[in-house]
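Chemist:
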Amino acid sequence: MFKTQAEAQEFLQGFTSHLDETPEDREVVLCVPFTTLGIMSKSLHGSRILLGAQNIHWEDSGAYTGEISGPMLLEFGIRYVVVGHSERRQYFGETDETVNFRLRAAQRYGLIPILCVGETKQQRDAGETEQVIFSQLEKDLIGVDQNNLVIAYEPIWAIGTGDTCETKEANRVIGLIRSKLINPNVTIQYGGSVKPNNIDEIMRQPEIDGALVGGASLQPEDFARLVNYQ
């Protein structure tokens, strides 16, 4: 929940100037608040930056105050949508069942969902990391097309805490996630205190295909450094 329309445009001006050196095969996606989708859609038209939303409801319309539907998102040329982010699960009552509904709705409208999974500090300390994540995958992916999917491993204890999951451990968990998929070629990202000073090491890991970035995406120079990892 950051940036007004004016702030988003200012961000974009600072950010796009850094993309000249970005390899063509890197996909850059901005998942912005609903209020900035319109202005960003116009500003990004014809650029290499793709647009994503932060949530989607499973119904086309209805008495779901505060939610947003697939047809509403399609108007803005959305390509991606984040589903099941840990903050949605933690603060807004998201369950594996509703995550599954949202994933299938996204795919119904031709959107690529970015499914977030991960464990809390309490679960990790109890040795339940694998159990928790495997359970999430099993419930979340019922009826979901794995050829039209991105997964993000977000250890919840590492989000916004500055406490990054060790890269080798993140690589190990992402490898385990991959082993549970029908399609082993699904793009799997790491998210959790990704910063300019650790992105190169994160992206050196063989199982990690990309990064889902939170706080470090708010400054154009920082986010550009992540996009242009070495």
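If you want the numbering used here, it's the 1-based position in the sequence shown plus 23. The beta carbon of each residue, even a glycine, is placed where N, CA and C say it ideally should be.
1) Can you have a look at residue 35 and say buried or exposed, based on whether 16 or more other CB atoms are within 10 angstroms of its CB?
2) Alpha carbon to alpha carbon, how far is residue 132 from residue 157? Give it in angstroms, no decimals.
3) Taking contact to mean at least 3 C-beta pairs separated by less than 8 Å, is the region 101-108 in contact with the region 135-147?
4) Quick one: give me the first and last residue of the beta strand (DSSP E) that residue 173 is part of.
5) Three or more C-beta pairs closer than 8 Å, one from the region 162-181 and one from the region 208-220: is that the case here?
6) If you draw a straight line from the C-alpha of residue 62 to the C-alpha of residue 204, how long is it?
7) Below 8 Å, can you find three or more Cβ-Cβ pairs linking the region 104-121 to the region 74-88?
8) How far does the alpha helix (DSSP H) with residue 235 in it extend, from its first residue to its last?
9) Apart from the five residues on each side of it in sequence, which residues of its chain come closer than 6 Å, Cβ to Cβ, to residue 226?
10) Give the single residue among 123, 85, 139 whose Cα lies nearest to the Cα of residue 197.
11) Can you name, in chain order, every residue of its own chain whose Cβ lies under 6 Å from the Cβ of residue 37, other than the five neighbours on each side?
12) With 16 other CB atoms within 10 Å as the buried threshold, where does residue 142 fall?
13) Whole angstroms is fine: what's the gap from residue 59's alpha carbon to residue 67's?
14) When we look at the beta-carbon of residue 33 and count the other beta-carbons within 10 Å, is it buried (16 or more) or exposed?
15) Just to confirm, is the Cβ distance from residue 115 to residue 81 under 8 Å?
16) DSSP state of residue 254, grouped into three classes?
17) For a quick check, are the C-beta atoms of residue 119 and residue 159 less than 8 Å apart?
18) Suppose you measure from the CA of residue 148 to the CA of residue 98; what does that come to, to the nearest Å?
19) Compute the Euclidean distance between the alpha carbons of residue 152 and residue 29, then round it to the nearest angstrom.
20) Checking the sheet assignment: what are the DSSP bridge partners for residue 54?
21) What is the DSSP secondary structure of residue 213, counted as helix, strand or coil?
Modeler: Based on what the coordinates show:
1) In the sequence shown, the residue the question calls residue 35 occupies position 12. Residue 35 comes out buried.
2) By 1-based counting over the sequence shown, the position of residue 157 is 134. By 1-based counting over the sequence shown, the position of residue 132 is 109. Using only the alpha carbons, I get a separation of about 27 Å.
3) Yes: the two stretches touch, three or more of their Cβ pairs being nearer than 8 Å.
4) Here residue 173 refers to the residue found at position 150 when the sequence shown is read from its first residue. 173-176 is the span of the beta strand (DSSP E), which, as asked, contains residue 173.
5) Contact between the region 162-181 and the region 208-220 is present, with at least three C-beta pairs closer than 8 Å.
6) Translated into the one-based positions of the sequence shown, residue 62 becomes position 39. Translated into the one-based positions of the sequence shown, residue 204 becomes position 181. Those two C-alpha atoms are separated by around 37 Å.
7) Contact holds: three or more Cβ-Cβ distances are below 8 Å.
8) As a first step, residue 235 must be located in the sequence shown, where it is residue number 212. Counting along the chain, residue 235 falls outside any alpha helix (DSSP H), and DSSP gives it neither H nor E.
9) Mapped onto the sequence shown, residue 226 falls at position 203. For residue 226, where only same-chain residues beyond five positions count, the Cβ hits under 6 Å are 252.
10) Taking the first residue of the sequence shown as position 1, residue 197 is located at position 174. For residue 197, the nearest C-alpha among the options comes from 139.
11) Mapped onto the sequence shown, residue 37 falls at position 14. Hits under 6 Å: 243.
12) Start at 1 with the first residue of the sequence shown, and residue 142 comes out as number 119. Looking at its Cβ environment, which holds 16 or more other Cβ atoms inside 10 Å, residue 142 is buried.
13) What you label residue 59 is simply residue 36 of the sequence shown in a count that begins at 1. What you label residue 67 is simply residue 44 of the sequence shown in a count that begins at 1. Spanning the alpha carbons of residue 59 and residue 67 requires a straight line of approximately 12 Å.
14) Here residue 33 refers to the residue found at position 10 when the sequence shown is read from its first residue. Residue 33 is exposed by the Cβ-count criterion.
15) By 1-based counting over the sequence shown, the position of residue 115 is 92. By 1-based counting over the sequence shown, the position of residue 81 is 58. Not closer than 8 Å, so no.
16) The chain is shown only over 24 to 253; residue 254 falls outside these bounds and no answer can be derived.
17) Position 96 of the sequence shown, counted from the start, is the residue given in the question as residue 119. Position 136 of the sequence shown, counted from the start, is the residue given in the question as residue 159. Yes, the Cβ-Cβ distance between residue 119 and residue 159 is below 8 Å.
18) Within the sequence shown, the letter at position 125 stands for residue 148. Within the sequence shown, the letter at position 75 stands for residue 98. The straight-line gap from Cα to Cα measures roughly 44 Å.
19) On the sequence shown, residue 152 is found 129 positions in, with the first residue counted as 1. On the sequence shown, residue 29 is found 6 positions in, with the first residue counted as 1. Cα atoms of residue 152 and residue 29: separation of roughly 41 Å, rounded to the nearest angstrom.
20) Here the question's residue 54 lines up with position 31 in the sequence shown. Here residue 54 is bridged, per DSSP, to 75.
21) Taking the first residue of the sequence shown as 1, we reach residue 213 at position 190. The three-state reading of DSSP puts residue 213 in strand, counting E and B together.
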